[in-house]
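Numbering (the working numbering), first residue to last: 3 to 219. We treat Cβ as the ideally placed atom computed from N, Cα and C, and that holds for glycine. Since the model is a prediction, treat every value here as computed from it, not as a measurement. Reading through the structure tokens given below for one structure.
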């Protein structure tokens with residue numbers, strides 16, 4: 003259990019520290035991340051005090067993680083295909099490209115925020131039991147950690163800059179198409195990692211903890 007708590011705390015501090023550093027000085031970002039890590043770990047430990055409550059929490063969070071990663075995996079892959087096809091169009095404009103991209107931002111935030119803040123850190127604690135599911139949870143958390151650090155360090159800044167830039171209503175030139183492809187990271191390989199995390203969560207869902215709860219007579 004202590005290792006699970008340590009992993010949950012480390013995950014939260016690093017990922018949330020990177021997220022908040024976009025808006026705050028690094029020391030302040032890390033301090034706030036540490037506060038949240040302490041709160042979420044305390045909450046997860048409270049959940050473990052009751053077997054039924056812990057089991058339901060674990061199964062529900064596995065389901066939420068599976069749903070969020072399915073959204074990223076399939077939605078992200080479709081989005082990249084759409085942007086790539088749009089850039090191949092002879093009449094596409096910068097305004098249209100930005101309009102196609104903007105809806106992905108709130109969707110990504112709505113899926114990522116609960117996964118980062120609650121799903122992964124709580125699962126690392128309530129799911130810290132011997133068995134195949136613990137291995138799957140740790141694997142999913144590790145892959146998601148790599149994904150989020152990769153995103154914050156490489157992808158998040160350029161894409162947000164791209165969304166906030168002014169783009170004309172004239173047809174894109176070849177040079178502008180190349181610039182848009184770079185700004186949107188059309189060759190983004192993260193969807194592969196998203197699929198891998200989705201697959202891990204999906205397999206973990208078959209090891210239902212609620213199903214193994216003793217039935218009341």
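- Here residue 184 is exposed, its C-beta having fewer than 16 other C-beta atoms within 10 Å.
- Here residue 54 has 215 as same chain residues with Cβ atoms under 7 Å from its own Cβ, once five neighbours each way along the sequence are excluded.
- Taking C-beta atoms as the reference points, residue 35 and residue 22 count as a pair closer than 8 Å.
- Between residue 127 and residue 7, the CB-CB gap stays under 8 Å.
- For residue 205 and residue 196, the gap between their C-alpha atoms comes out near 14 Å.
- With fewer than 16 neighbouring CB atoms inside 10 Å of its own CB, residue 213 falls in the exposed class.
- The residue from 33, 49, 61 and 27 with its alpha-carbon nearest to that of residue 136 is 61.
- Contact annotation: residue 178 and residue 96 have beta-carbon atoms nearer than 8 Å.
- Taking residue 81 as reference, the option from 64, 107, 63 and 65 with the minimal CA-CA separation is 107.
- Here residue 75 is buried, its C-beta having at least 16 other C-beta atoms within 10 Å.
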